[in-house]
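Okay, structure first, notes after.
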Amino acid sequence: MEQLVTSPDNPAPAPSRTPHLPLHTEPRDSAASRRGSRRMRRALAVTALFAAGALSLSACGGDAEAGGHDGKNGQAGADAAAAKDASDAKIQVSSKDGATDASINDTGVKVTGGKLTDVKLTAVDTGKDVTGAISPDGSSWKPSEQLDRGAKYKIVANAKDAKGRPATENATFTTVSSAHSFIGSFTPDNGKTVGVGMPVSFNFDKSITNRKDVQSHITVTSSSGQQVVGHWFGDRRLDFRPQDYWKAGSKVTMKIDLDGVKGGPGITGVQSKTVSFTIGRSQVSTVDMDTQTMTVKRDGQVIKTIPISGGSPEHPTYNGQMVISEKFEQTRMDGSTVGFGGEYDIKDVPHAMRLSSSGTFIHGNYWGSSSIFGRTGTSHGCVGLEDNKGGGGDTPAKWFYNQSLIGDVVIVKNSKDKVIQPDNGLNGWNLSWSQWTAGSAS
Numbered sequence: 022m023e024q025l026v027t028s029p030d031n032p033a034p035a036p037s038r039t040p041h042l043p044l045h046t047e048p049r050d051s052a053a054s055r056r057g058s059r060r061m062r063r064a065l066a067v068t069a070l071f072a073a074g075a076l077s078l079s080a081c082g083g084d085a086e087a088g089g090h091d092g093k094n095g096q097a098g099a100d101a102a103a104a105k106d107a108s109d110a111k112i113q114v115s116s117k118d119g120a121t122d123a124s125i126n127d128t129g130v131k132v133t134g135g136k137l138t139d140v141k142l143t144a145v146d147t148g149k150d151v152t153g154a155i156s157p158d159g160s161s162w163k164p165s166e167q168l169d170r171g172a173k174y175k176i177v178a179n180a181k182d183a184k185g186r187p188a189t190e191n192a193t194f195t196t197v198s199s200a201h202s203f204i205g206s207f208t209p210d211n212g213k214t215v216g217v218g219m220p221v222s223f224n225f226d227k228s229i230t231n232r233k234d235v236q237s238h239i240t241v242t243s244s245s246g247q248q249v250v251g252h253w254f255g256d257r258r259l260d261f262r263p264q265d266y267w268k269a270g271s272k273v274t275m276k277i278d279l280d281g282v283k284g285g286p287g288i289t290g291v292q293s294k295t296v297s298f299t300i301g302r303s304q305v306s307t308v309d310m311d312t313q314t315m316t317v318k319r320d321g322q323v324i325k326t327i328p329i330s331g332g333s334p335e336h337p338t339y340n341g342q343m344v345i346s347e348k349f350e351q352t353r354m355d356g357s358t359v360g361f362g363g364e365y366d367i368k369d370v371p372h373a374m375r376l377s378s379s380g381t382f383i384h385g386n387y388w389g390s391s392s393i394f395g396r397t398g399t400s401h402g403c404v405g406l407e408d409n410k411g412g413g414g415d416t417p418a419k420w421f422y423n424q425s426l427i428g429d430v431v432i433v434k435n436s437k438d439k440v441i442q443p444d445n446g447l448n449g450w451n452l453s454w455s456q457w458t459a460g461s462a463s
C-alpha cells in the first residue's frame, strides 16, 4: 500500500465514509462536555470580576505597593507615627473613671511632662460647675470646696507639653454615699484658744468597729512634747488628752487622715484635714461645797475667791474635774429637759457655762436672795453665782464669765454626790492615766 504523506500543500484526504457511522455523528456525552465548558468559562469570568473588585477595594486603604506593606500594617504605621508625635503631658485624675466611692476631699488633677491649661469639674445631676484653681506652676488642680457625698461628677482636664502638644483626660465618678461613709464631728475648732483642760473629742455619726485603724489615722501632738493618747467611750466617741493638763501657751496640732479608712463593714472615712489650737493661760477653779466658795487660780496663783450656791441636799452637785464646754451670755434652763419635770423653767439665765452633757452649769443667779451665796446650796445641781437679771452690772457671775475660756477646769469637792462620769461632758480627767490608756485601741 502506498504511504500517504501530508503537508500544508498536500492536505490529508477526507476520511472515507462507512455504512455504519453517519457523517458528523459524535459520541453521546459530547454535548454535556460542551455545557460543562461553558459553565467553566462563566465561572472564570466571575472569578476575574471578583478579583478586580477586590483589587479596587484594597486601593481604598492606600497603595500597598507604595508603602511596601499591606493595609493592616499601613494603619499600624500610622498609629505608631501618631503615638511618636503624642504630647509628653501625662494627666492623672485622682478619682478613677467609673468609681462609686470617690473621696469628697481628695479629688484633684496632676500632670507630669507639661502644664494644665484648664480643668472643668461638673456635678452631673445639677449641671453646676465646681470652682477650683490650677497651681501656680501648672502641675495640679484642686476644687475650692468639698464635694457632696453620694453625688456624680464629670471632670475634663486639658494640658500641653513644652512643644505645645495637647493632652486630655476625662473621668466620671460618684463620691462615697452618706450611707457608706462616716464623719467625726470634733472639738475644739481650728484656730481657737482654749483652757488647759480641753481634750480633743470626736463624735462619729456611725458605729466604729475598726477602732485601731481609725484611731491610728488621727494624730494629736503638742509643742510642749507631752504624750497624747486616745480613749474610746463606746463605739462612737474618741477623746485625746495628755496625762496632766496641757501646758499653758503650747500649741496642739491634730491631723485627721480618715479619708478612705474603713471604719467598719460598709463604711469609709471621708475626712482629711489638719487642725491646730492654742492653749491659753492656766485657769483652774475649785468649788468647795463645805464652804460654798470657789477659789480661782490663774497660772497657779489665787486671783479671786467667789461665794457660790451649789446643789441642795436633795439635788447635790457632782464631784470631780469638769471642763467648760460651752458659754452662753444668756440661755433658757428647763428642768423637764433633764428629768426634773416642771420644777423650774427659767428663760433668761445669765452668764451660763456648761460643765456636763446632763445639764450641770456654772451660771449667774438673779432670783436667789443674796444671803444664800457662800452659805447654802439651793440649786438642782448647778453652781450658782450672784448676778443681775439681764446680766448687767458688775457681778461675780459676770466677772467669772469674762475671765473664763472654753476648756477651763472647774473642780467640785466635798459634795454629797458621786464623781461625775468621765463621758458626761468633756470630763475624762476623772480617769487615772492607767485607766485612760487602757481605753486606747492603739
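Sequential numbering of the sequence shown, starting at 22, is according to our numbering.
Glycine included, every Cβ here is placed at the ideal spot set by N, Cα and C.
- A distance below 6 Å between beta-carbons, with the five flanking residues on each side excluded, links His238 to the following residues of its chain, in chain order: Asp278, Leu279, Val282.
- Each residue's CA atom was taken as its position, placing Ile327 and Asp444 some 28 Å apart.
- Excluding its 5 nearest sequence neighbours in each direction, Val305 has C-beta neighbours in its own chain below 7 Å: Lys318, Val430, Ile432, listed in chain order.
- Minimum Cα-Cα distance from Thr208 among the listed residues Phe298, Leu406, Pro417 corresponds to Phe298.
- In this structure, DSSP gives Lys105 a helical state, which the three-state scheme calls helix.
- The three-state secondary structure of Thr458, taken from DSSP, is helix.
- In this structure the segment 154-162 lies against the segment 118-135, because at least three pairs of beta carbons, one per stretch, are closer than 8 Å.
- Excluding residues up to 5 positions away in sequence, Ser108 lie with their Cβ nearer than 6 Å to the Cβ of Arg186 in the same chain.
- Annotation: Ala154 to Lys276 spans about 24 Å, alpha carbon to alpha carbon.
- Asn224 is positioned such that its CB atom lies closer than 8 Å to that of Arg257.
- Here DSSP, grouped into helix, strand and coil, assigns Trp253 to strand.
- Per the C-alpha coordinates, the member of Val241, Lys437, Ser199, Gly414 positioned closest to Ser271 is Val241.
- Taking the C-beta atoms as reference points, Ile112 is found no nearer than 8 Å to Ala183.
- A distance of 8 Å or more separates the beta carbons of Ser455 and Phe394.
- Excluding sequence positions up to five before and after Gly389, its CB lies within less than 7 Å of the CB of Ser330, Thr399, Gly405, all in the same chain and listed in chain order.
- For His384, the beta-bridge partners assigned by DSSP are Gly405.
- Residue state for Phe194 is assigned as strand, using DSSP reduced to three classes.
- Under the 8 Å Cβ criterion, the segment 364-382 does not count as touching the segment 307-318, having fewer than three qualifying pairs.
- The C-beta distance from Ile125 to Val273 rounds to 26 Å, too long to meet the 8 Å contact threshold.
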